[in-house]
Amino acid sequence: MAVSDRISQIITIALVGAVAAGIVWFAFDRQSGPQAIEIDLPSATDQGPIEVYITGAVAEPGVYEVEAGDRVIDVLFEAGGHTDDADLEAINLALRVNDEDQIVVPRIGEANAPASSAGTGKININTATASELDALPGIGEVYSEQIVVNREANGPYVSTEELVERQVIPRGTYERIRELITVGP
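Its first residue numbered 0, the sequence shown is counted upward by one per residue in numbering that gives the first Met the number 0.
Right under this line is the structure:
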């Protein structure tokens with residue numbers, strides 16, 4: 000056997016060995032399964048400071064900077080607490096606040112009940128006035144007026160979701176208030 004044949008044979012054996020090793024490595028690597036990918040999305044508490052307006056029966060009404068994820072009770076504390084005539088039963092102190100929220104702490108006997116659905120504390124979008132709707136976080140004068148005008152033009156809302164379906168308010172705004180509103184008792 001010539002030297003060149005012997006070298007060709009050694010090269011062929013080396014190549015076959017390398018291919019076999021690659022196949023074995025690939026097979027074992029695949030048995031361990033896909034590697035998990037971790038995605039770190041910011042949570043509400045990672046957003047930093049937000050500003051919330053609190054008014055009504057509070058010691059120091061105004062705009063306060065609080066942390067994202069804080070609750071109504073935290074904003075009330077920042078505002079110096081409630082006054083003696085505050086009706087704390089009428090608001091949800093555990094509700095998380097969002098940037099640009101307006102919190103109205105009613106006084107005992109104050110007339111904010113007509114829009115409120117019996118026992119739920121939610122605002123009925125079929126009976127509320129524009130000014131009552133304006134108190135909802137993120138609604139403001141424009142959206143509150145649109146809710147009332149659309150209700151009068153197209154009839155009462157069958158579900159709260161219709162605010163988005165009828166294109167009265169954007170989905171993001173709806174998501175902020177959906178737990179605070181209702182269409183009936």
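Positions of the beta carbon are idealized from the N, C-alpha and C atoms, including for glycine. If you're wondering where the values come from, they're calculated on a predicted model, not measured in any experiment.
(Q) If you measure between the beta carbons of Leu94 and Val71, is that distance less than 7 Å? (A) yes
Q) First and last residue of the alpha helix (DSSP H) that includes Gly139? A) Gly139 to Asn153
**Q.** Distance, Leu179 Cα to Ser158 Cα
**A.** 13 Å
**Q.** Three-state secondary structure (DSSP) of Arg177
**A.** coil
Q) Does Ala1 get closer than 7 Å to chain C when you measure Cβ to Cβ? A) Any reference to chain C falls outside this structure, which holds one protein chain only.
Q) Can we say the stretch 136-156 touches the stretch 82-89, given the rule of at least three CB pairs closer than 8 Å? A) no
(Q) Restricting to Cα atoms, I'd like to know which of Gly154, His81 and Gly55 is closest to Thr126. (A) Gly154
Q.
What does the Cβ neighbour count give for Val148, buried or exposed, with the cut at 16 atoms within 10 Å?
A. exposed
Q. Given that a residue counts as buried once 16 or more other Cβ atoms are within 10 Å of its Cβ, and exposed if not, what is Leu14?
A. exposed
Q: Determine the direct distance from the alpha carbon of Pro169 to that of Leu75, and round the result to whole angstroms.
A: 29 Å
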